[in-house]
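Report on the structure given below.
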Amino acid sequence: MIRWRPSCSLDSLVERARVLGVIRDFFREKNVLEVQTAVLARYGVTEPTITSFRTDSGHHLQTSPEFQMKRLLAAGAPSIYQICPAFRQGEEGRDHNPEFVILEWYRLGLNSRQLILEVAELVDLILGRSDYHYRTAGQLLHAEFGLDVHGDSDLKVAELARDHGLDSVVGRSDGVDFLMASALQRLPFERVFITEFPADQAALAKTKLLGKDTVADRFELVIRGIEVANGYHELTDADELERRMDVDNRERRELGIPTMARDPFLLASMRQGLPACAGVAVGLDRLLALAGHHESLSSVMAFPFDRV
Amino acid sequence: MAAYSTNEFRSGLKVLLEGEPCSILQNEFVKPGKGQAFNRVRFRNLKSGRVWERTFKSGESIEAADVMDMDMQYLYSDGEFWHFMRTDGSYEQVAANHAAVGTAKDWLKEEDVLSVTLWNDEPISVTPPNFVELEVTQTDPGIRGDTAQGGSKPAELSTGATIKVPLFVEIGDILRVDTRNGEYVGRTKD
Numbered sequence: 001m002i003r004w005r006p007s008c009s010l011d012s013l014v015e016r017a018r019v020l021g022v023i024r025d026f027f028r029e030k031n032v033l034e035v036q037t038a039v040l041a042r043y044g045v046t047e048p049t050i051t052s053f054r055t056d057s058g059h060h061l062q063t064s065p066e067f068q069m070k071r072l073l074a075a076g077a078p079s080i081y082q083i084c085p086a087f088r089q090g091e092e093g094r095d096h097n098p099e100f101v102i103l104e105w106y107r108l109g110l111n112s113r114q115l116i117l118e119v120a121e122l123v124d125l126i127l128g129r130s131d132y133h134y135r136t137a138g139q140l141l142h143a144e145f146g147l148d149v150h151g152d153s154d155l156k157v158a159e160l161a162r163d164h165g166l167d168s169v170v171g172r173s174d175g176v177d178f179l180m181a182s183a184l185q186r187l188p189f190e191r192v193f194i195t196e197f198p199a200d201q202a203a204l205a206k207t208k209l210l211g212k213d214t215v216a217d218r219f220e221l222v223i224r225g226i227e228v229a230n231g232y233h234e235l236t237d238a239d240e241l242e243r244r245m246d247v248d249n250r251e252r253r254e255l256g257i258p259t260m261a262r263d264p265f266l267l268a269s270m271r272q273g274l275p276a277c278a279g280v281a282v283g284l285d286r287l288l289a290l291a292g293h294h295e296s297l298s299s300v301m302a303f304p305f306d307r308v
Numbered sequence: 309m310a311a312y313s314t315n316e317f318r319s320g321l322k323v324l325l326e327g328e329p330c331s332i333l334q335n336e337f338v339k340p341g342k343g344q345a346f347n348r349v350r351f352r353n354l355k356s357g358r359v360w361e362r363t364f365k366s367g368e369s370i371e372a373a374d375v376m377d378m379d380m381q382y383l384y385s386d387g388e389f390w391h392f393m394r395t396d397g398s399y400e401q402v403a404a405n406h407a408a409v410g411t412a413k414d415w416l417k418e419e420d421v422l423s424v425t426l427w428n429d430e431p432i433s434v435t436p437p438n439f440v441e442l443e444v445t446q447t448d449p450g451i452r453g454d455t456a457q458g459g460s461k462p463a464e465l466s467t468g469a470t471i472k473v474p475l476f477v478e479i480g481d482i483l484r485v486d487t488r489n490g491e492y493v494g495r496t497k498d
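Set out below in structure tokens:
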């Protein structure tokens, strides 16, 4: 029997439409401009742990609208937001669907702390008010596993990961990712902002000094163990970005996966000058699932991946 | 030998873990936004029945286990082995040892058909039907007419198992028993 019906209820569609209205009102009030950029592009992300869908024409479906939104900022756009589909191959599960909806916004002149408060303000409108707790990634891993994520050796990381159930550990980042994912699912609070990630997980965030350690100026919002938002104090240095993209591709070669060309449009726009800003991406489907107390994203999506 | 990658993991899939045949119960995909993806997997060890939890990097593979469930007829026990015969007309027989039969031995009645799990053609577990009908071989005398009141007594069945039964049950009665919890369900009208 072919499953042609939507997997979510009609009520859930009504709720999604209502939340979209809440979000648009929120940004209209703050004078943040709604934009739309291309979903299909010649260049994709270099991050080794993200796999984009590639078309026969050699294009990529976006894994996030980040690059093009930054080009708008470099071209002089004010603070902007976008609600759009994003695609990540192989990510399928209770909290993942290969196609999902991102709410992403950039605020000129804001730092991480200020953007965190704005994220909390919006989440309160959708989930209802609650307390937010704050932990640095270092504090979280130390409290949960006794790990000094910035100082401890690769061997210590590998041992801890194995002791906590990871069957095989290849590199340091595998171990750290695993321990982090485990710690997030055991957080004793409903809503937690995790800040100051290890520098090798900076992605497109600036780095800064925290005591003697260099950390990424990046944050995540975790609600009931699920990552809902990921934000950066945005890296504006094109040379540093180019260097990180090369590191990504080196890692891709080591893993035996295809390398990704550096996006020359993004790099050129950053050479022109990306204004100081902070940006964040919110997984809208996850937020809706949390709002409705659903177990799975399929309860808030009309047609998840197994029905299309 | 075939292998399955984590993205093929489905509940019910039979795999080898640390050399033991296991059935996948649950497969949860876990991926931090900026990090490696993992699969947190729960397995049932088909020999011990224990549940194991393991985490793999997504994309890793584990070996498939040649495991199948087959309907078979119980023939007899020689004290050391329990003998079963295929019902597909081949009359092929297998002998299951004590570890494979486990607590199912309490519910094995000759000629009953039940499910035998084979690993590399060797029986590793036996699953009786949910309900079996067995004769009472030993119990205290029944109290006639007392069919409504509560109260129970032990009764030994033809398989050697002892269960709790209502007071009116007598030797020679055929009882219907739920094999999942070992509880008396009723008397069959013979």
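These protein sequence lines map, in sequence, to chains H and W. Sequential numbering from 1 applies to the first sequence in our numbering. Sequential numbering from 309 applies to the second sequence in our numbering. Glycine is no exception: its CB is placed at the ideal position from the N, C-alpha and C atoms. Predicted, not measured: the structure shown is a model, and the values here were computed from it.
His233 (chain H) sits away from Ser64 (chain H), with the two beta carbons spaced by 8 angstroms or more. For Lys461 (chain W), there are no neighbours in chain H by C-beta distance under 9 angstroms, as the nearest C-beta there is about 46 angstroms away. Glu316 (chain W) has a beta carbon lying at 8 angstroms or more from every beta carbon in chain H.
Gln334 (chain W) has a beta carbon lying at 8 angstroms or more from every beta carbon in chain H. Not flagged as an interface residue toward chain H: Val359 (chain W), since no C-beta distance is shorter than 8 angstroms.
The beta carbon of Ala202 (chain H) sits closer than 6 angstroms to those of Ala216, all from its chain and outside the five residues before and after it, given in chain order.
Between the alpha carbons of Val280 (chain H) and Ile83 (chain H) lies a distance of about 12 angstroms. Between Leu266 (chain H) and Phe67 (chain H), the C-beta gap is smaller than 8 angstroms, which places the two residues in contact. In this structure, the straight-line span from the alpha carbon of Leu108 (chain H) to that of Gly231 (chain H) is close to 14 angstroms.
Asp213 (chain H) and Ser153 (chain H) have their C-alpha atoms spaced approximately 14 angstroms apart.
Beta bridge pairing from DSSP links Asp213 (chain H) with H:Leu210. Look at the segment 69-98 of chain H: the residues with a C-beta under 7 angstroms from a C-beta of chain W are Gly90, Glu91, Glu92, Gly93, Arg94 and His96.
Three or more beta-carbon pairs separated by less than 8 angstroms link the segment 347-354 of chain W to the segment 325-337 of chain W, which places the two stretches in contact.
Under the rule that a run must span 4 or more residues, the alpha helix (DSSP H) segments found entirely inside the segment 143-224 of chain H read 154-163 and 172-185. Collapsing the DSSP output to three states places Ser398 (chain W) in coil. Separation of Thr411 (chain W) and Gly151 (chain H) (C-alpha to C-alpha, rounded to the nearest whole angstrom) is 53 angstroms. Asn31 (chain H) sits exposed, since fewer than 16 C-beta atoms from the chains shown fall within 10 Å of its C-beta. A check of alpha carbon separations from Gln185 (chain H) across H:Glu227, H:Val101 and H:Thr207 identifies H:Glu227 as the nearest.
DSSP places Ser433 (chain W) in the strand class (E or B) of the three-state scheme. With contacts defined by Cβ atoms closer than 8 angstroms, Ser466 (chain W) and Glu430 (chain W) do not form a contacting pair. In the three-state scheme derived from DSSP, where H, G and I count as helix and E and B as strand, Thr411 (chain W) is classed as helix.
Fully enclosed alpha helix (DSSP H) runs of no fewer than 4 residues occupy 66-74 of the segment 43-91 of chain H, in order along the chain. Of the residues assessed, Lys206 (chain H) falls on the buried side of the cut-off, its CB having 16 or more other CB atoms within 10 angstroms. Under the three-state reduction of DSSP, Gln36 (chain H) is assigned to coil, being neither helix nor strand.
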